[in-house]
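Residue numbers (the numbering used here), protein chains in the order written: chain A, 29 to 399; chain B, 11 to 405. First the structure, in the form of structure tokens, and then the observations on it.
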Amino acid sequence: MADQYSLRIPALEVHQGKRRIYCFAIDGKKLHSFAAVSRVRRDKEERLQGYQRPEVLSHIRAIRRYLESDGAMMPNAIVLAFDSRVTFVGHGQTGSVDYAIPGELVIPVDESLPEEQKPAWLVDGQQRSAAIRDADLAEFPVAAVGFIADNVEEQRSQFILVNSTKPLPKGLIHELLPETTGHLPPAYVRRKLPAYLMTRLNIDGDGPFYGLVASPTAPDGYIKDNSLLKMLEHSLFEGALYQYRNPVDGSGDVERMLTHLKGFWGLVKEIFPDAWRKPPRHSRLTHGVGIQAMGFVMDALTDELPAEGVRCIRVRDALESLRPHVAWTEGTWRFGEDDEQKWNSLQNTPNDVRKLTTHLLRVIRTAETRG
Amino acid sequence: MSPTYDFLTDEYSPVRVRQRDDQYAHEVVTPIPYNGILVSKAIVDGGERKAGKYTEPQRARLYRMGVRRFFRLPPEIVTLGDCGAFNYINEEYPPYNVAEVVDFYEECGFDEGVSIDHVIFGYESDADEKQADPAWVKRRHISLDLAEDFLAELRKRRSRLIPVGAAQGWSPASYADSVNRLQQMGYRRIALGGMVPLKTAEILACLEEIEKIRAPETELHLLGITRVESMELFANFGVRSFDSTSAFRQAFMDDRNNYHTRDSMFTAVRVPQVDGNPALKRQILSGAVSQAEAVVAERECLRLLRGYDQGNVRIDDVLDALVNYERIVNTSKKRSYIDLYRRTLEETPWKSCSCALCQKHGIEIIIFRGSERNKRRGFHNLTILRSKMNDIDFA
Ligand SMILES: [Zn+2]
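See below:
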């Protein structure tokens, strides 16, 4: 019958202790003809069947879009668990190592078989293989690694093992993102510009944040990268930095953004040098609550100003007017007639950020109307 | 709505800034379907327990720019602030004080502001103060006292805000008495609150009673009411404005009246997104529904609907595909919409609509799926409401 045949695929048998694994390349478009994607479900007797997650369609679309773009590459291997219908025919040891033997994998294909009777299971690479299946491409060969499993329980344990690796630490991602070109997942595309601004603030010698942002390559920094990122995102999307942003592609005039930021925060550093020098434990200014609230103050004071005009008398006076009303490093915050709080009781919560912002803006407004 | 949304891939631009890059109804349809906008403090600032609908940076920008620039309003649009009394209907006392509310109105730069009110959730046409629920009596007095304080605060600050007094009541007589007292305080614009659940005849009874004491220059506003069929009657009793989101919300909240035309209502064609529908997701996770099958059926519906719009596909083929998808999605055995879809598809109402959105999006606007299609349908409904309103003679 035409829908029954064998695929013979060049492969390398690798010996890992007592186990054998097989490295090979396969056209991703053909994967689904012999490999099943199982999902967790209960059968009629309430027994657990399969072990997979449902496809995440938005994720698949993003991968698919990438695959259809120029120069797409998918270097990481798809992992398959075979049952004993799949065999390996070795060509005998060649070369100087005895743990890798070239040969052919023989996979029986029967396209009329239902999912659960296919000879291979996808252990890792479900979203990627679905993206290849859907992509508008004639073929897309991918690297694959297979092993022959004795039973479903073993397949399941492999599934858990390959999927339990930790995601990259956030700090590392923030540092890598700006130096990345080419296609990125949507969540990273959004964060790329704020992360780039943060990195530049941390490494540019002429700005107030120079070396102060804690990151994997600046271990002595004491301003939390997350606090700074939040401030930057807020300003980019809703505040003073929006003016330099290109809403069509999300890019922007980075140099003027940096001029704007260095202008404002440079004044902050000059007016509150002591609080700026101290880590968040000893200063609410370098703490998340201070960075974010002062970010809102920046948006309020400089929304309309061009980058080059941020360091001006009006902004300096406004920040000066805060001096008697702040308790960055000691004393108490006087938010209202019967609302006083010890300097370090403020936390990095939405409520405290709002409270502090409202207080700072009110002081500035009062000073402006009086002056 | 987001102007960069891609209807074929159902994707937003990854760099979209919600709200700020998006567009309002007054930016996409002409003529502008409303004369003014109402913004509630509860929506912006939240209350004691609930957060507002805006993120903190959005809220900060609203305060900074003011309501007119934040919503990019043309000069002819009037802005009205209120407290959003329905959001604290279960509290014993309104959660805001007068100074806070005036701060909100002034900092955001509203043209007009409604005094703080406390909704009376009940109607008993014959009950006087002694017979009515004591909680109602108390709420009416709270609203009147706060209206007095509100005026005093505005005078103290020499505010340019136009004050709107909120009248509450449970009967024609109690509403009329509230309006009477507000007039005596000095209000010339009065908003009638708590009338949303009332029948039209009950609203009319209240208006008739109010009419007996209404000063000729006093203008009434109906909070949260859209009853176009009765607007002409209401107008006879001094009603000059109303606010409502119902035409907009019906686009995606109503069971069947989703797409409005001048003389009818149509049911939108439901093609839910396999990965956007929580109920369906659970079905897939439990194994009751095959995800692959659902995805194929979903795509087939969209393909055939678009083909039908272009005249290449027969209506029965579209309906077969919809039946098939409904069978997969509709596992809780809700009733079928297929007969309603047949009418919608046979009459193709979107083809005869001249609004910019129907012209641009064609059949997509009648597909009940995701917020971008649903909001556009809501905007279309607003333009229909506007054109119906144009026929009403507001004396
Ligand atoms: Zn239309």
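Virtual Cβ for every residue (Gly too), placed ideally from N, Cα, C.
Exercise for review: Could you tell me whether the stretch 288 to 297 of chain B touches the stretch 344 to 356 of chain B, using the rule of 3 or more Cβ pairs below 8 Å?
Suggested key: With a cut-off of 8 Å, the stretch 344 to 356 of chain B and the stretch 288 to 297 of chain B do not count as touching, because too few Cβ pairs lie within range.
Review point. What's the call for B:Glu357, buried or exposed, on a 16-neighbour Cβ count within 10 Å?
Key: Around the CB of B:Glu357, fewer than 16 other CB atoms lie within 10 Å, so the residue is classed as exposed.
Review point. What are the residues of the stretch 365 to 387 of chain A that lie near chain B, defined by any Cβ-Cβ distance shorter than 8 Å?
Key: Taking 8 Å as the cut-off between beta carbons, the residues of the stretch 365 to 387 of chain A near chain B are Pro378, Val381, Arg382, Thr385, in sequence order.
Review point. Taking Cβ to Cβ, would you say B:Thr228 is nearer than 7 Å to B:Arg259?
Key: No.
Check your understanding: What runs of the beta strand (DSSP E), each 3 residues or longer, lie entirely inside the stretch 248 to 324 of chain B?
Key -> Whole beta strand (DSSP E) segments, 3+ residues: 249 to 252.
Practice item. Report the neighbours of A:Gly267 on chain B: residues whose CB is nearer than 9 Å to its CB, in chain order. Key: Taking a Cβ-Cβ threshold of 9 Å, the residues of chain B close to A:Gly267 are Pro67, Ala70, Arg71, Arg74, in chain order.
Check your understanding: Near A:Asp327, which residues of its chain fall below 6 Å by C-beta distance, leaving aside the five closest residues on each side in sequence?
Key -> The answer, listed in chain order, is Ser263, Gly267, Ala268.
Exercise for review: Note down, in chain order, each residue of its chain lying with its Cβ closer than 6 Å to the Cβ of A:Val325, except the 5 sequence neighbours on either side.
Suggested key: If you ignore the 5 residues before and after A:Val325, its C-beta comes within less than 6 Å of the C-beta of Leu388, all in its own chain and listed in chain order.
Check your understanding: Does the beta carbon of A:Cys51 fall short of 6 Å from some heavy atom of ligand 1?
Key -> Answer for A:Cys51: no, Cβ out of range of ligand 1.
Practice item. For A:Glu368, count neighbouring C-beta atoms within 10 Å of its own C-beta (all shown protein chains included) and say buried if the count is 16 or more, exposed if not. Key: Burial state of A:Glu368 is exposed, judged by a 10 Å Cβ sphere holding fewer than 16 other Cβ atoms.
Review point. Do you know how far the Cα of B:Tyr106 is from the Cα of A:Leu374?
Key: A:Leu374 and B:Tyr106: Cα-Cα distance of roughly 24 Å.
Review point. Are the Cβ atoms of A:Glu139 and A:Ser243 separated by less than 7 Å?
Key: No.
Point to revise | Residue span of the alpha helix (DSSP H) that contains B:Val25, given as start and end | key: Following the DSSP letters along the chain, one finds B:Val25 in no alpha helix (DSSP H), marked with neither H nor E.
Practice item. Could you tell me the boundaries of the alpha helix (DSSP H) in which A:Ala328 lies? Key: DSSP places A:Ala328 in the uninterrupted alpha helix (DSSP H) bounded by 316 to 330.
**Study point:** Any chain B beta carbon closer than 7 Å to A:Ala158
**Key:** So no, A:Ala158 is outside the interface.
Exercise for review: Please find out if some non-hydrogen atom of ligand 1 comes closer than 6 Å to the beta-carbon of B:His390.
Suggested key: It does: the Cβ of B:His390 is within 6 Å (strictly closer) of some heavy atom of ligand 1.
Exercise for review: Could you give the DSSP three-state label for A:Met29: helix, strand or coil?
Suggested key: Low confidence applies to A:Met29: its pLDDT is 47, below 50, so where it sits in the model is not reliable enough to give any reading.
Review point. In whole angstroms, what is the alpha-carbon distance linking A:Val114 and B:Glu308?
Key: Going from the Cα of A:Val114 to the Cα of B:Glu308 covers about 35 Å.
Check your understanding: Is A:Met29 close to chain B, meaning its C-beta is less than 7 Å from at least one C-beta of that chain?
Key -> The predicted model places A:Met29 with a pLDDT of 47, which falls under 50 and marks its position as unreliable, so this point remains unresolved.
Check your understanding: Relative to the C-alpha of B:Leu332, which residue among B:Gly317, B:Arg280, B:Tyr22, B:Gln320 is closest?
Key -> Cα-wise, what sits closest to B:Leu332 is B:Arg280.
Point to revise | Inter-residue Cα distance where the pair is B:Phe96 and A:Arg273 | key: When rounded, the separation of the alpha-carbon atoms in B:Phe96 and A:Arg273 is 38 Å.
Check your understanding: Got a sec: does ligand 1 put a non-hydrogen atom nearer than 6 Å to the Cβ of B:Cys363?
Key -> Yes.
Point to revise | Backbone CA spacing between B:Cys216 and B:Ser181 [nearest angstrom] | key: Taking C-alpha positions only, B:Cys216 is separated from B:Ser181 by approximately 7 Å.
Review point. So, does the CB of A:Gly278 fall closer than 7 Å to a CB anywhere in chain B?
Key: A:Gly278 has a beta carbon lying within less than 7 Å of a beta carbon in chain B.
Check your understanding: Which residues in chain B sit within 8 Å of A:Ala328, going by Cβ to Cβ distance?
Key -> Within chain B, the residues near A:Ala328 are Ala70, Arg74.
Exercise for review: Give the residues of chain B in contact with A:Phe324, contact being defined as C-beta atoms less than 7 Å apart.
Suggested key: Near A:Phe324 (Cβ distances below 7 Å), the residues of chain B are Ala70.
Review point. Any residues in the stretch 15 to 29 of chain B with a beta carbon nearer than 7 Å to a beta carbon of chain A? Which ones, in chain order?
Key: Answer set for the stretch 15 to 29 of chain B: Thr19, Glu21, Pro24, Val25, Val27.
Check your understanding: Just to check, is the beta-carbon of B:Cys368 closer than 6 Å to a non-hydrogen atom of ligand 1?
Key -> Ligand 1 has a heavy atom closer than 6 Å to the beta-carbon of B:Cys368.
Practice item. Report the partner residues of A:Val3 according to the DSSP bridge assignment. Key: Outside the displayed range of chain A (29 to 399) lies residue 3 of chain A, so it cannot be described from this structure.
Practice item. Determine, using beta carbons only, whether B:Ala186 and B:Ile223 come nearer to each other than 7 Å. Key: Yes; because the gap between Cβ atoms is below 7 Å, this pair is in contact.
Check your understanding: When the Cα atoms are used, what is the spatial distance from A:Leu384 to A:Ala321?
Key -> Counting only the Cα atoms, A:Ala321 lies some 6 Å from A:Leu384.
Point to revise | Residues near B:Thr154 by beta carbon distance below 7 Å, same chain, minus five either side | key: The sequence given here places Leu at residue 154 of chain B; Thr does not occur at that position. Here the set comprises Ser188, Arg191.
Check your understanding: How would you list, in chain order, the residues of chain B whose beta-carbon sits under 9 Å from the beta-carbon of A:Asp331?
Key -> Neighbours of A:Asp331 on chain B, chain order: Arg71, Arg74, Met75.
Review point. What residues of chain A sit near B:Asp31, judged by a beta carbon separation below 7 Å?
Key: The contacting residues are Pro275.
Practice item. Give every residue of the same chain whose Cβ lies closer than 6 Å to the Cβ of B:Glu158, excluding the five residues on either side of it in the sequence, and list them in chain order. Key: These residues qualify, in order along the chain: Met195.
Exercise for review: Quick one: give me the first and last residue of the beta strand (DSSP E) that A:Cys51 is part of.
Suggested key: Membership of A:Cys51 in the beta strand (DSSP E) is indicated by the continuous run 47 to 55.
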